[in-house]
Structure formats: C-alpha cells, structure tokens
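> Residue numbers (full-length UniProt numbering): 1 to 125.
#1: First and last residue of the beta strand (DSSP E) that includes residue 22?
#2: As a quick exercise: from 107, 114, 98, pick the residue whose alpha carbon is nearest that of residue 6.
#3: Secondary structure at residue 73, three-state DSSP: helix, strand or coil?
#4: Could you check the C-alpha separation between residue 101 and residue 26 for me, to the nearest Å?
#5: Go through its chain and collect everything with a Cβ distance to residue 10's Cβ below 7 Å, but skip five positions before and after it.
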C-alpha cells in the first residue's frame, strides 16, 4: 500500500481555513513523516519534536490515572494561533498524530477539528 501523506497534508493546507502548517508525526520517534507549510516563524520539525513530548506526557498521565479512553485531540491556544494535535487511533496510525497550526483570526476551530478528523480515515501510511 502506497503512502498518501503528502497529498493529504497539501489538501489540509489548502482546504482548512487559516492553516499555517500541518505535519504527520510519529510520536514514538518524534520525527515528522511529512510537513507542509510553516516557515521562518514556525519550524514544523521543531514543533513535531516538541509536541511529541506533549502527547507522550498526556498518554502517560492517562495510564497513571487508569483512564480507559482514547485521546481524540489536544488543543494549545496561543495569543494569535491554535495548535491542534489529532492522535490517530486506527490500527495503522497507532503512535502517530496530525499536527495543525492555525491563524486564530482566520480559523474556525470547530470546522478545523472536523476536517482534521476526516483526514485520519483517509491516511495510508
């Protein structure tokens, strides 16, 4: 099965209103498997590695609390941006997350969450 990471990320950048950058990240290694967007103000490789720590900490906390549930997404709200982390929970996406940075002034957070969830089912890694 061929990977379709790049077309999915490109589609997310063009169809999600306010998208600044998007990445698919393996949180077992902290490596970005694909990135689109970003730039001098948002290094997606650094963001992928840093958000890996966030995901690992939350997964560990849930285990310590004995929560038998799945993380859908994690939202980090900055003054001018939203950073959305969508964990991939289907079998072939285990250990990965989609990371989306949004311009807060242009983004519709509810719609962005809905669209990002849709990409989860389309990804072939």
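By construction, the Cβ of each residue, glycine as well, lies at the ideal position given by its N, Cα and C atoms. These numbers were taken from a predicted model, which means no experiment stands behind them.
The structure says:
#1: By 1-based counting over the chain shown, the position of residue 22 is 22. From DSSP, the beta strand (DSSP E) with residue 22 extends over 19-26.
#2: Against the chain shown, residue 6 aligns to sequence position 6. Comparing Cα positions, the closest option is 98.
#3: Start at 1 with the first residue of the chain shown, and residue 73 comes out as number 73. Correct three-state label for residue 73: strand.
#4: Here the question's residue 101 lines up with position 101 in the chain shown. Here the question's residue 26 lines up with position 26 in the chain shown. Rounded to the nearest angstrom, the gap between the Cα atoms of residue 101 and residue 26 is 17 Å.
#5: Position 10 of the chain shown, counted from the first residue, corresponds to residue 10. Once the five neighbours on either side are set aside, the close Cβ partners of residue 10 are 36.
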